[in-house]
């Protein structure tokens, strides 16, 4: 015979059980130290205990790189060993791997993906008008639109995403998830384009004299065609005038509330900097801008996000926009208008 708990008592009892779980949980540093696969990460956090403590004082979520991930990171950064990591570098690293909200794997792996604030506020890496930079978590691909779920991944700056290999390790007031790669730090638009081998886009930005604008404008969304897309469309960036290139680039740009895939609504139009709308579609397991498929979504940049496109949208005929100053001014005017008309989209858990 089973004892049935009255409904009026069920929620209070569940709340007490959850609170008890967190109350009896180990600290985040103790959880890290207990896991052999995090020994290298533990070496970093124990060298600078105040850094981790400051970032997790109210709990949250820690994306903890495993030993291979830390080894690859320090090798690629040219750091001799873990003991050579400076406190500034450790703070930067941990800031991008600590999410202020306590998020379970079910929060992060839902259909459509989940955008999550990190603790990264450094202007070099988060030029977002005072907002922290983000990560995109998804078990449904880089746009969150794939039909069938696969393993949970964390998408960050340009480069390979991180796989979540161990989920939902409880610490006091939060969760730890082990990942197999250190997150890629966000870069400005031109560095993102270069790292992603988008050489024709980068050359178009250079010829239109817009590299500084796309790197420094906050809350910037770039729809970035691949080199193959430029070629299929018959676009030769060396022969087009700077005026034509500026118009085309503005048609592939949005400024305002950053256009992460989670902010886009199916069938809705969004105004580009050219003043001409594009329409977003979510169908058949893919994200489309007009009728152009997004190959790689949610590439986090220091000042926004890029979506890599399988094609180049033809630019509507419009008067030329030639100067860097005109581009910046239109950015400012449109950003102010957009933010007045559209409140910021909520991230996961908010």
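Numbering (our numbering), first residue to last: 4 to 353. Idealized CB from N, CA, C, for every residue including glycine.
For residue 100, report the span of its alpha helix (DSSP H) as first-last.
For residue 100, the enclosing alpha helix (DSSP H) has its first and last residue at 90–100.
Could you work out which residue in 191, 249 and 192 is closest to residue 212 when comparing CA atoms only?
The option with the nearest alpha carbon to residue 212 is 249.
Let me check one thing: in DSSP terms, what residues is residue 173 bridge-paired to?
Paired residues: 178.
Helix, strand or coil for residue 318 per DSSP?
Coil.
Three-pair Cβ contact test at 8 Å for the region 214–223 versus the region 176–188:
The region 214–223 vs the region 176–188: no contact.
Below 8 Å between beta carbons: does that hold for residue 303 and residue 138?
Cβ distance < 8 Å, so residue 303 and residue 138 count as in contact.
Proximity below 8 Å, CB of residue 262 to CB of residue 284
For residue 262 and residue 284, no; Cβs fall outside 8 Å.
The alpha helix (DSSP H) with residue 234 in it runs from where to where?
Residue 234: member of the alpha helix (DSSP H) spanning 230–235, first to last residue.
Would you give the residue range spanned by the alpha helix (DSSP H) that residue 47 belongs to?
Residues 42–50.
If you draw a straight line from the alpha carbon of residue 142 to that of residue 299, how long is it in whole angstroms?
If you draw a straight line from the Cα of residue 142 to the Cα of residue 299, it comes to about 14 Å.
Go through its chain and collect everything with a Cβ distance to residue 1's Cβ below 6 Å, but skip five positions before and after it.
Beyond the ends of the chain as shown, which are 4 and 353, falls residue 1; an answer cannot be given.
Mind reading off the beta-carbon distance from residue 58 to residue 134? Whole number of angstroms is fine, and I expect it under 8 Å.
Not a contact, Cβ separation roughly 17 Å.
Would the C-beta of residue 256 count as close to the ligand ATP, meaning under 7 Å from any of its heavy atoms?
As for the ligand ATP, it is missing from this structure, which has no ligand bound.
Just tell me which of 277, 311, 241 and 48 has its CA closest to the CA of residue 257.
Just measuring C-alpha positions, the residue of 277, 311, 241 and 48 sitting nearest residue 257 is 277.
Around the Cβ of residue 148, are there at least 16 other Cβ atoms within 10 angstroms (buried) or fewer (exposed)?
The residue is buried, with at least 16 neighbouring Cβ atoms inside 10 Å.
Give me, in chain order, the residues of the same chain whose beta-carbon lies closer than 7 Å to that of residue 238; leave out the 5 immediate sequence neighbours on both sides.
Taking residue 238 as the centre and dropping the five residues before and after it, the same chain places the C-beta of 315 closer than 7 Å to its C-beta, in chain order.
Would you report the Cα separation of residue 274 and residue 62, rounded to the nearest angstrom?
Between residue 274 and residue 62, the alpha-carbon positions lie close to 39 Å from each other.
Rounded to a whole number of angstroms, what is the C-alpha to C-alpha distance between residue 198 and residue 32?
Each residue's CA atom was taken as its position, placing residue 198 and residue 32 some 34 Å apart.
According to DSSP, simplified to helix, strand and coil, what is residue 324?
Bear in mind that a pLDDT of 41 at residue 324, under 50, signals an unreliable position, so the number given afterwards is only what the model happens to contain. Note: residue 324 maps to coil in three-state DSSP.
Counting only the same chain and skipping the five closest in sequence on each side, list residues whose C-beta sits under 7 Å from that of residue 125.
Hits under 7 Å: 95.
With DSSP collapsed to three states, give me the class of residue 216.
DSSP places residue 216 in helix when its eight states are reduced to three.
Residue 206 - containing alpha helix (DSSP H), residue span:
Membership of residue 206 in the alpha helix (DSSP H) is indicated by the continuous run 202–210.
Residue 272 in three-state terms, based on DSSP:
Strand, per DSSP.
For residue 39 and residue 90, I'd like the C-alpha separation in whole angstroms.
Roughly 23 Å between the two C-alpha positions.
Buried or exposed: where does residue 154 fall if 16 or more other Cβ atoms within 10 Å of its Cβ makes it buried?
By the neighbour-count rule (16 or more Cβ atoms within 10 Å), residue 154 is not buried but exposed.
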